[in-house]
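Remarks on the structure that follows.
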Amino acid sequence: MFAVPENTVALPSSAVAVHPVRVALQVALDRDRWKHLLRYDPEERFSTLIEKTDDQEIWLMSWLPGQTATLHDHAQTTGAFTVVSGVLTEVVTTRIQVVHQLVEGQSRVWGPGYVHQVRNDGTDPAISIHVYRHGTRAMNAYRYDPVTGPVR
Ligand SMILES: [Fe+2]
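Residues 353 to 504 in my numbering are what the sequence shown spells out, letter by letter.
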């Protein structure tokens, strides 16, 4: 047995030293931080800002069955999202399209050039937490060409 001296483990000095998936998971578990903001909008996917700092933005989104974010990238941002409840379908698009089914606690990350669509194909509402870094929540729309891949 041995003692670990204090200050042996370096703690992150800024928020961006923590992986965005970890941030999203921590916020997802901390429902008191965002439950008062949660809405379900029958017209479109609901989204609202939970927190904005110089380093990152954290957003809450809700998805009723059938609601979707059309094919897009996130411009220069990097980040991650985590499913809090329900099931979300993510379609990652390069020249081909790869489908991921995401359930509670599962996350995906993105960076510049990452093109995807997210939607709720399930029968229950879904909730997700999204962390954006290196810029605000910008999106560029795409369409999918089966020959060339995503086209802006
Ligand atoms: Fe996205």
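Every residue, glycine too, gets a C-beta built ideally from N, C-alpha and C.
Every value quoted in this text rests on a predicted model; they were computed, and no experiment measured them.
With a 10 Å radius around the Cβ and a threshold of 16 neighbouring Cβ atoms, Thr488 comes out exposed. Beta-bridge pairing by DSSP links Gln419 to no other residue. Met413 is bridged by DSSP to Ser399 and Ser480. An exposed status is given to Asp497, since fewer than 16 other beta-carbon atoms sit within 10 Å of its beta-carbon. Around the Cβ of Pro357, a 10 Å sphere holds fewer than 16 other Cβ atoms; the residue is exposed.
DSSP links Arg471 through a beta bridge to Thr420 and Thr441. Rounded to whole angstroms, the separation of the alpha carbons of Phe433 and Val368 is 15 Å.
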